[in-house]
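In what follows, a single structure is set out as structure tokens and then discussed.
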Amino acid sequence: MFLEQRFKIIQMSLLIFGLFLAWFYAQHQILTGDQTQMLYKGYMGAYNHVWINYGNAASAVGNVPGSMISYVVALPVMLYDSPMSPMFFLIFLHLASYFLLDSVIKDIFKTDVRLIFLVLYWLNPWFLFENILYNPSYLFFFSALHVWTAYKQREKSSFVYSMLHVTAIGLALQFHYSWIILSLISLYLFYRKMVKVNWYGVFFGVVVIAVSLVPYLQTVMQNSAIVHHADDTGRYIGWGGVHVYPVLKSFIYWLRYGSFFFPNKLIASAHFDWLGVSHVVQMIFVYGYKAIVFSVGAFTIYISYKANRYFYTLIKGKIFTRNKSIATKQEWLLLYVFGALIGVFISAVLSPIIFSYWHLIIVFPFAILPLVIYLKDYGQKYMPKLLIGITVYFVFINIMGAVDSRKYSIHTDYIQDTKAYIKKTITNPE
51 MFLEQRFKII
61 QMSLLIFGLF
71 LAWFYAQHQI
81 LTGDQTQMLY
91 KGYMGAYNHV
101 WINYGNAASA
111 VGNVPGSMIS
121 YVVALPVMLY
131 DSPMSPMFFL
141 IFLHLASYFL
151 LDSVIKDIFK
161 TDVRLIFLVL
171 YWLNPWFLFE
181 NILYNPSYLF
191 FFSALHVWTA
201 YKQREKSSFV
211 YSMLHVTAIG
221 LALQFHYSWI
231 ILSLISLYLF
241 YRKMVKVNWY
251 GVFFGVVVIA
261 VSLVPYLQTV
271 MQNSAIVHHA
281 DDTGRYIGWG
291 GVHVYPVLKS
301 FIYWLRYGSF
311 FFPNKLIASA
321 HFDWLGVSHV
331 VQMIFVYGYK
341 AIVFSVGAFT
351 IYISYKANRY
361 FYTLIKGKIF
371 TRNKSIATKQ
381 EWLLLYVFGA
391 LIGVFISAVL
401 SPIIFSYWHL
411 IIVFPFAILP
421 LVIYLKDYGQ
431 KYMPKLLIGI
441 TVYFVFINIM
451 GAVDSRKYSI
461 HTDYIQDTKA
471 YIKKTITNPE
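Position 379 of the sequence shown, counting from 1, maps to 429 under my numbering, and the rest follow consecutively.
Given below as structure tokens:
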């Protein structure tokens, strides 16, 4: 009862604190080719009204199709001319993703689970590390929109929700090739009879996405090079399926998303040079920090494995049986999560490359749910202390990530670096 009365205050406090961390990350991102691709496309549209109708270069398969990457930078800049405008829009999408996911969880679980999810999602370094102008960083919103619209169609079909469901997939396509995972989840939901589809809504959504891709198709007809990667590896669709490691690695990432074994770009690149201490003291901090993060990471990988084993026991026997009714809302959500795991497996089989963590980050919101359920059922006795401990650890890792990691630095000023880049390439090119 106490938690239910105080949840709104706790929720707003943690959301505001998470927004501050997101802003802190955004301010200190190191400008690399990941961001400059997006900045160039967006500012060319905003300043010169030249719209580039294809996205960032992807590994082995050419540029991402569509114009959305140009728009998510250009439109905020046209609304308010600041390098932070696209970042504020990205942070807004991250916040919207939380509320969509929380809406689903609120309808299924009690307040304690909402609090667990709030901490494990909103403050998670896996999530906050993506407050960077980078196309995979936008995928959380489409993942959340996908599950929210699917959940809304459990019992009754809806033109609007079916249209939005298809739109979530189609817009994700214009940011990253991992959109295929959302498509595979939808196919699983349809096969398992977990959604009531409105085919008029599906058709309208397909038409909307098709129309949005017309400029891209016109560009491809003029320049076919954008559908080929400059460094062609000679691999092919299905390459992952004839090798063991790519598929195994994708499952390892699923476990890592549910653990505190964060990406190496976050935890393995700290140098502590910003402390201004001697080299010896600096090395002591480096090795001490790595000892902590890798020890915690290894332990929580084990917890994530146990959580996923428990998750499987809750749904075994119900996974592929089409005519078996779904008893509870929780069971529906867990079967959706299994659909995401199927999507990871099939996409790894089809992939021409070995995945890195950002290739699968689209399933992060779903990969943490087995841990959420596990803590709900087995951690109630220690829940307040456990969540406080997790929050403190997450804050520590996030601050370190924002000041001293491979993508962020306390010495970096994103706004000044972006202004210098825009002046050099857009407004005053040599």
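A virtual CB, placed ideally from N, CA and C, is assigned to each residue, including glycine.
If you're wondering where the values come from, they're calculated on a predicted model, not measured in any experiment.
Exposed or buried, Glu454, counting other C-beta atoms within 10 Å across all chains shown (16 or more means buried)? Here the question's residue 454 lines up with position 404 in the sequence shown. A small correction: the amino acid at residue 454 is Asp; Glu does not occupy that position in the sequence shown. Classification for Asp454: buried.
Does the region 320-333 touch the region 465-480, meaning 3 or more C-beta pairs lie closer than 8 angstroms? Touching, no, given that fewer than three Cβ pairs across the two stretches are closer than 8 angstroms.
Can you give the beta carbon distance from Asn185 to Met88, rounded, assuming they're within the 8 angstroms contact cut? The residue you call residue 185 lines up with position 135 of the sequence shown. The residue you call residue 88 lines up with position 38 of the sequence shown. Yes, they are in contact, since the Cβ atoms of Asn185 and Met88 sit about 7 angstroms apart, within 8 angstroms.
With a cut-off of 8 angstroms, do at least 3 Cβ pairs link the region 370-385 to the region 126-133? They do not touch, by the three-pair rule.
Leaving out five residues before and five after Ile392 in sequence, what residues of the same chain have Cβ atoms less than 8 angstroms from its Cβ? What you label residue 392 is simply residue 342 of the sequence shown in a count that begins at 1. For Ile392, same chain residues with a beta-carbon under 8 angstroms away, outside a window of 5 residues either side, are Leu234, Ile235 and Tyr238 in chain order.
Rounded C-alpha distance that separates Arg204 from Ser319: Along the sequence shown, read from residue 1 onward, the residue named residue 204 stands at position 154. Along the sequence shown, read from residue 1 onward, the residue named residue 319 stands at position 269. As the crow flies, the alpha-carbon of Arg204 is around 45 angstroms from that of Ser319.
Could you check whether Lys315 and Lys160 sit closer than 7 angstroms to each other, using their CB atoms as the reference points? Numbered from 1 along the sequence shown, position 110 holds the residue referred to as residue 160. Numbered from 1 along the sequence shown, position 265 holds the residue referred to as residue 315. The Cβ-Cβ distance between Lys160 and Lys315 does not fall below 7 angstroms.
Give me the DSSP bridge partner(s) of Tyr104. Here residue 104 corresponds to residue number 54 of the sequence shown, with the count starting at 1. DSSP lists Pro115 as partners of Tyr104.
Backbone CA spacing between Gln398 and Pro126 [nearest angstrom]: Against the sequence shown, residue 398 aligns to sequence position 348. Against the sequence shown, residue 126 aligns to sequence position 76. Just to set this straight, residue 398 is Ala in the shown sequence, not Gln. If I take the Cα positions, the gap works out to 35 angstroms.
If you drop the 5 nearest sequence neighbours on each side, which residues of the same chain put their C-beta closer than 7 angstroms to that of Arg306? In the sequence shown, the residue the question calls residue 306 occupies position 256. Contacts found: Ile351.
Does the count of Cβ pairs from the region 148-165 and the region 425-432 closer than 8 angstroms reach three? Contact between the region 148-165 and the region 425-432 is present, because at least three Cβ pairs lie under 8 angstroms.
Considering only the alpha carbon of each residue, which of Ala452, Ile476, Gln466 and Thr468 lies closest to His78? Walking along the sequence shown from the start, residue 78 turns up at place 28. Residue nearest to His78 within the set Ala452, Ile476, Gln466 and Thr468 is Ala452 (criterion: CA-CA distance).
Please list, in chain order, all residues of the same chain as Ile155 whose beta carbon is under 7 angstroms from its beta carbon, the five residues on each side excluded. Position 105 of the sequence shown, counted from the first residue, corresponds to residue 155. The beta carbon of Ile155 is closer than 7 angstroms to those of Val163, Arg164 and Phe167 in its chain, skipping five residues each way along the sequence.
Check whether the region 90-101 and the region 190-210 are in contact - that is, three or more C-beta pairs closer than 8 angstroms. At 8 angstroms Cβ cutoff, the stretches do not touch.
Comparing alpha-carbon positions, which option in Phe142, Met213 and Phe312 lies nearest Phe70? Taking the first residue of the sequence shown as position 1, residue 70 is located at position 20. Ranking the options by Cα distance to Phe70, first place goes to Phe142.
Rank Ala222, Leu178 and Ser153 by C-alpha distance to the C-alpha of Ile119 and give the top, closest one. Along the sequence shown, read from residue 1 onward, the residue named residue 119 stands at position 69. Proximity to Ile119 across Ala222, Leu178 and Ser153 peaks at Ala222, based on C-alpha coordinates.
Of the choices Asn358, Leu437 and Phe177, whose alpha-carbon is the least far from that of Tyr407? Indexing the sequence shown from 1 puts residue 407 at position 357. Looking at the Cα atoms, Phe177 is the closest of the given residues.
Specify the secondary structure class of Pro332 as computed by DSSP and reduced to three states. Against the sequence shown, residue 332 aligns to sequence position 282. Going by the sequence as given, residue 332 is Gln instead of Pro. Assigned with DSSP and collapsed to three states, Gln332 falls in helix.
Anticipated Cβ contact below 8 angstroms, Asn181 with Ala76, distance rounded: On the sequence shown, position 131 is the one that residue 181 refers to. On the sequence shown, position 26 is the one that residue 76 refers to. That belief holds up - the Cβ atoms of Asn181 and Ala76 are roughly 5 angstroms apart, short of 8 angstroms.
Restricting to Cα atoms, I'd like to know which of Met134, Thr378 and Phe139 is closest to Gln466. By one-based count along the sequence shown, residue 466 stands at place 416. The option with the nearest alpha carbon to Gln466 is Met134.
Would a C-beta distance cut-off of 7 angstroms place Phe139 and Tyr188 closer than the cut-off? As a working mapping, residue 139 is identified with position 89 in the sequence shown. As a working mapping, residue 188 is identified with position 138 in the sequence shown. No, they are not a contact pair.
Are the beta-carbon atoms belonging to Phe416 and Ala377 less than 7 angstroms from one another? Here the question's residue 416 lines up with position 366 in the sequence shown. Here the question's residue 377 lines up with position 327 in the sequence shown. No, Cβ-Cβ distance for Phe416 and Ala377 is not below 7 angstroms.
Decide if the region 321-330 is in contact with the region 355-367; the criterion is three or more beta carbon pairs, one per stretch, under 8 angstroms apart. Contact fails: fewer than three Cβ-Cβ distances are below 8 angstroms.
Considering only C-alpha positions, which residue in the set Leu65, Thr217 and Leu81 is nearest to Thr462? If you number the sequence shown from 1, residue 462 lands on position 412. Nearest option by C-alpha distance: Leu81.
In the structure shown, what three-state DSSP assignment does Tyr184 receive? Translated into positions along the sequence shown, residue 184 becomes position 134. Three-state result, Tyr184: coil.
So Ile317 is in the alpha helix (DSSP H); what residue range does that whole segment cover? Start at 1 with the first residue of the sequence shown, and residue 317 comes out as number 267. Ile317 -> alpha helix (DSSP H) spans Asn314 to Ile317.
Looking at Ile276 and Gly112, is the spacing between their C-beta atoms short of 7 angstroms? The sequence position of residue 112 within the sequence shown is 62, counting from 1. The sequence position of residue 276 within the sequence shown is 226, counting from 1. Yes.
So within the region 121-202, which uninterrupted alpha helix (DSSP H) runs reach at least 4 residues, ignoring any that extend past its ends? Fully contained in the region 121-202 are the following alpha helix (DSSP H) runs of length 4 or more, in chain order: 134-158, 161-167, 175-178 and 189-201.
Can you give me the C-alpha to C-alpha distance between Glu54 and Ala260, rounded to a whole angstrom? Looking up residue 54 in the sequence shown gives position 4. Looking up residue 260 in the sequence shown gives position 210. Rounded to the nearest angstrom, the two C-alpha atoms are 45 angstroms apart.
Enumerated in chain order, which unbroken segments of the alpha helix (DSSP H) with a length of 4 residues or greater are wholly contained in the region 208-282? With a minimum length of 4 residues, the continuous alpha helix (DSSP H) runs that stay inside the region 208-282 are 209-223, 229-241, 249-262 and 264-272.
When you compare the CB positions of Asn273 and Ser207, do they come within less than 7 angstroms of one another, or not? Residue mapping note: residue 273 aligns to position 223 of the sequence shown, counting from 1. Residue mapping note: residue 207 aligns to position 157 of the sequence shown, counting from 1. Here Asn273 is not near Ser207, since their CB atoms are 7 angstroms or more apart.
Starting from the C-beta of Tyr211, find all residues in its chain whose C-beta is less than 6 angstroms away, skip the five residues before and the five after it, and write them out in chain order. Taking the sequence shown and counting its residues from 1, the one referred to as residue 211 is at position 161. Cβ-Cβ distances below 6 angstroms link Tyr211 to Thr199, Lys202 and Gln203 in the same chain, with the five nearest sequence neighbours on each side left out; the list follows chain order.
Hey, how far is the Cα of Gly439 from the Cα of Gly288? Here residue 439 refers to the residue found at position 389 when the sequence shown is read from its first residue. Here residue 288 refers to the residue found at position 238 when the sequence shown is read from its first residue. Separation of Gly439 and Gly288 (C-alpha to C-alpha, rounded to the nearest whole angstrom) is 43 angstroms.
Are the Cβ atoms of Lys246 and Arg372 separated by less than 7 angstroms? Start at 1 with the first residue of the sequence shown, and residue 246 comes out as number 196. Start at 1 with the first residue of the sequence shown, and residue 372 comes out as number 322. Taking 7 angstroms as the Cβ cut-off, Lys246 and Arg372 do not qualify as a contacting pair.
Restricting to Cα atoms, I'd like to know which of Phe301, Gly68 and Pro136 is closest to Thr86. Start at 1 with the first residue of the sequence shown, and residue 86 comes out as number 36. With distances taken between CA atoms, Thr86 lies nearest to Pro136 out of Phe301, Gly68 and Pro136.
Just the C-alpha distance for Leu298 and Gly291, rounded to the nearest angstrom, thanks. Taking the first residue of the sequence shown as position 1, residue 298 is located at position 248. Taking the first residue of the sequence shown as position 1, residue 291 is located at position 241. Computed Cα separation, rounded: 11 angstroms.
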